[in-house]
Amino acid sequence: MAKPQQYLNFIAGRWVSAKSGKNFPNINPANREEILGFFPDSGPEDVNAAVQAAESAFPEWRLVPPPGRGEIILKAGLLMKERKEELARLMTQEMGKVLRETRGDVQEAIDMAYFIAGEGRRLFGKTTTSELRDKFAMTIRMPVGVCGLITPWNFPMAIPSWKIFPSLICGNTMVFKPAEDTPLSALKMIEILEEAGLPKGVVNLVQGGVKTGEAMVRHPKIRLISFTGSCEVGRLVAEHCGKNLKRCSLEMGGKNAQIVMEDADLDLAIEGAVWGAYGTTGQRCTATSRIFVQEKIFSSFKKSFLERSRKIKIGDGLKEGVEMGPLINEAQLKRVRDYVEIGKKEGAKLEMGGEPARGKGLEKGFFFEPTLFTEVDPKMRIAQEEIFGPVTCLIPFKRFEDAIRMVNDSSYGLSSSIYSRDVNRAMEAIRDIEAGITYINGPTIGAEVHLPFGGVKNTGNGHREGGETAIDIFSEWKSVFVDYSGKLQKAQIDVD
Ligand code: NAD
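6 is the number of the first residue of the sequence shown in our numbering; add one for each residue after it.
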């Protein structure tokens, strides 16, 4: 096997090693013996250099007209489109999800590039009236300054694109730290931005893990932290940003539910549930980890769900026909196994799976069987906590109101779904479910870039990525008053 390549950080437009000279390996989760490369294990000194570069680049970048910024983003999107297959293959190798899904991940970054590039010709503010004569009032958007972007591994290009492109279009400069499990996809994205003509120092890439992220959160010159990841880490990030009055946007976990009413198209609901629960090996913040099925159809739903799920082909995501890849790493495998034990101890019935997947070609990867629990009390830990693996619970309900109550009995509030042919029920669900996203007759997964993305309760802290709302995260409002009366006019005092 060829010696794994050594990759570098990107700071001030130059590719450089970590100052400590330390590195970490990037491992293929489908084959733990395959090292895809070594990446700089960056410390506070590297973060510091990256922040300095971003700070130096800011005064010039903020003056580049937004349509010009958009043109660079558009070019990056076109380059990604050209290299979509190559990028998807690399992503499957380092992240594990199947090619069909990594193509989707790259496509989402392309969509975001196209969408945000156009935003360069909008970035709308408002004009409004003044309470005084001969006075004009308007609002404009200002960049925030140096931003720190911290991302997880489950969407290695899509999630960075939700942060980097909106942040760029607003005129910010930034330090970007991807997850240590997917450093290569992030690096490819930065190479593409460099090729698209992004000026030096505008985006700086520092690879690394917890201590790299901590150094960013603590850095006094970083004005904004945009974080996507677990609730535990998000809370730490928020505490620190709170103490230091840093702007902070958090996108965190979910415990997403699908409701299936007895009048639903059953085949469609099952297809959606299987995809929602086991797509991306359940490692999506929007994964369907609770399925509420109305009593009358519960047993037929369960039977068909099991039949369909048992056929899922597990394996290396690069192989044709494989439907479910491995979990991301050893720790995640342990976490999922532990939750299966917790579920059993709590008294839930393990209907399917619950073990690492075995078989030819699976020996060296972090594969896990699609897992289903029934006889689950909605208060059990497996029905309350985010597992982030191919594990879901099937729970019966009698009345629509019971389903809504159980769906909302969660500390999270990201995504939700209802399958029903009754438009009134669907509208009630839209009204009553406490979540940032509700799908009617579709699974809990399937975000589109031009709509706000995020959740309520412990899923977030009130921001939304995607859509125009992403721009709100990365810009500050300025109110502007132009007085053309030629005299001193006092608001609230000199009014007619
Ligand atoms: P994680 O919280 O462990 O790590 C996320 C990122 O934070 C990584 O880059 C990590 O290196 C960094 N980090 C870790 N500790 C840090 C610290 N103390 N200070 C600063 N940075 C630190 O999450 P993960 O395991 O990479 O991702 C899985 C989680 O992400 C799940 O909870 C999932 O629901 C969530 N997620 C949420 C969304 C969303 O938009 N709501 C999308 C995808 C994933």
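Heads up, the beta-carbon is just placed ideally off N, CA and C, and yes, glycines get one too.
beta-carbon residue i near ligand 1 non-hydrogen atom, thresh 6 Å
i: A184; result: yes
i: I155; result: yes
i: C246; result: no
i: L456; result: no
i: E219; result: yes
i: G234; result: yes
i: E256; result: yes
i: V238; result: yes
i: W280; result: no
i: W158; result: yes
i: V222; result: yes
i: L241; result: yes
i: V290; result: Looking at the sequence provided, one finds Cys at residue 290 rather than Val. Yes, ligand 1 has a heavy atom inside 6 Å of this Cβ.
CB contact flag (residue i, residue j, <7 Å)
i: I174; j: F15; result: no
i: S420; j: N159; result: no
i: G281; j: V103; result: no
i: K182; j: L92; result: no
i: G258; j: S235; result: yes
i: T187; j: M100; result: yes
i: A55; j: V222; result: no
i: I476; j: S254; result: no
i: M85; j: A114; result: yes
i: K168; j: L189; result: no
i: D51; j: N28; result: no
i: T286; j: G330; result: yes
i: S314; j: P375; result: yes
i: T178; j: V149; result: no
i: L338; j: F371; result: yes
i: A118; j: A81; result: yes
i: P165; j: G277; result: no
i: I302; j: E267; result: yes
i: F44; j: V454; result: no
i: L456; j: G471; result: yes
i: G418; j: V461; result: yes
i: K205; j: G75; result: no
Residue range of the unbroken alpha helix (DSSP H) whose run includes residue i
i: N33; result: Counting along the chain, N33 falls outside any alpha helix (DSSP H), though it belongs to the beta strand (DSSP E) covering 28-33.
i: G75; result: 71-87
i: V103; result: Note, V103: premise wrong, no alpha helix (DSSP H); not H, not E.
i: V345; result: 335-351
i: V56; result: 49-66
i: A220; result: 215-223
Proximity test, residue i beta-carbon vs ligand 3 heavy atom, cut-off 6 Å
i: G214; result: Looking for ligand 3 in the displayed structure turns up nothing; the ligands present are ligand 1.
In DSSP terms, what residue i is bridged to
i: L377; result: M357, T397
i: V151; result: T178
i: Q11; result: F43
i: N36; result: N33
i: T144; result: S484
i: V461; result: G418
i: I169; result: DSSP, once it has assigned bridges, lists no residue as partnering I169.
i: R295; result: A262, C398
i: I121; result: None; I121 has no bridge partner.
i: T132; result: M143
i: I16; result: R19
i: E470; result: F458
Limits of the unbroken beta strand (DSSP E) element including residue i
i: E481; result: 480-488
i: W20; result: 19-21
i: L189; result: Here L189 belongs to no beta strand (DSSP E); instead the alpha helix (DSSP H) covers 188-200.
i: V208; result: 208-210
Problem - Segments assigned beta strand (DSSP E), at least 3 residues, entirely inside the region 225-282 - result: With a minimum length of 3 residues, the continuous beta strand (DSSP E) runs that stay inside the region 225-282 are 229-233, 252-256, 261-265.
Exercise for the section: Go through the region 382-450 residue by residue and report every complete run of the alpha helix (DSSP H) that reaches 4 residues or more, in order. Expected result: Those alpha helix (DSSP H) runs which fall completely within the region 382-450 and span 4+ residues are 386-389, 405-413, 428-437.
Practice task
Just list the alpha helix (DSSP H) runs in the region 297-328, keeping only unbroken ones of 4 residues or longer that don't cross its boundaries, in chain order.
Solution key: The alpha helix (DSSP H) runs lying completely inside the region 297-328 and spanning 4 residues or more are 300-315, given in chain order.
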